[in-house]
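Number 94 in our numbering belongs to position 94 of the sequence shown; there are no gaps in the numbering. Where is the CB? At the ideal position from N, CA and C, for every residue including glycine. Have a look at the structure below before the remarks.
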Amino acid sequence: MKYGYARVSTTDQKLANQIELLKLAGAEKIFQEKFTGTTTERPEFQKLLRVLKTGDTLIVTKLDRFARNTREALAIIQELFKENVKVNILNMGLIDNTPTGQLVFTIFSAFAQFERDMIVTRTQEGKLYAKQHDPLFREGRPKTYSDEQIRFAYELRK
Numbered sequence: 001m002k003y004g005y006a007r008v009s010t011t012d013q014k015l016a017n018q019i020e021l022l023k024l025a026g027a028e029k030i031f032q033e034k035f036t037g038t039t040t041e042r043p044e045f046q047k048l049l050r051v052l053k054t055g056d057t058l059i060v061t062k063l064d065r066f067a068r069n070t071r072e073a074l075a076i077i078q079e080l081f082k083e084n085v086k087v088n089i090l091n092m093g094l095i096d097n098t099p100t101g102q103l104v105f106t107i108f109s110a111f112a113q114f115e116r117d118m119i120v121t122r123t124q125e126g127k128l129y130a131k132q133h134d135p136l137f138r139e140g141r142p143k144t145y146s147d148e149q150i151r152f153a154y155e156l157r158k
């Protein structure tokens, strides 16, 4: 059986495009979730791993949907290979259990982790710059309501 896995990191992102690509690639059942890719402790991903058996194919659209941590990605792929599960990463192709396939997967996994680490670094640098150059800078989301609006709403509740 062909299983698909779709994941987005934030509630603002949409799963529809990934799901469409997975269906076009032949996925018969698709597991999906909105969860960070920095950990493999994702509920739907864990369910999927428990369902996969010999001869099945796991399809993901991109490597970073599978994992961003090289060590965990390699551990997962080794377990899947032990069970003779095929892994099809749509923007890379079918990853096979050969020395060349494992080399390609290892290199691309390392690049995925590097990309994530660079995003974190750039974000931290941007925040530091903003803190140093913008006295009004505040981390987090901007307030939806002003203090005055909150006081007014509170008074209405009395």
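Judged by DSSP in its simplified three-state form, Val60 adopts strand. No Cβ-Cβ contact shorter than 9 Å links Glu44 with Arg71. Counting C-beta pairs with one atom in each stretch, the stretch 86–95 and the stretch 47–61 have three or more that are closer than 8 Å, which means they touch. With 16 or more other Cβ atoms inside 10 Å of its own Cβ, Ile95 counts as buried.
Inclusion of Ala112 and Ala75 in the CB contact set at 9 Å is not warranted, their separation being larger than that value. Nearest C-alpha to Gly55 among Lys47, Lys82, Ile30 and Ile107: Lys82.
At the C-beta level, Lys34 and Gln18 stay beyond 9 Å of one another. For Phe35, there is no enclosing beta strand (DSSP E), as DSSP marks it with neither H nor E.
Bounds of the beta strand (DSSP E) holding Leu94 are Gly93 to Ile95.
Ranked by Cα distance from Phe66, the first of Asn84, Phe105, Lys29 and Pro99 is Phe105. DSSP places Gly4 inside the beta strand (DSSP E), whose first and last residues are Lys2 to Val8. Separation of Lys158 and Glu41 (C-alpha to C-alpha, rounded to the nearest whole angstrom) is 45 Å.
Lys2 sits close to Ala25, with the two beta carbons spaced by under 9 Å.
For Lys158, the three-state secondary structure derived from DSSP is coil. In this structure, Val85 sits near Lys53, with a CB-CB distance shorter than 9 Å.
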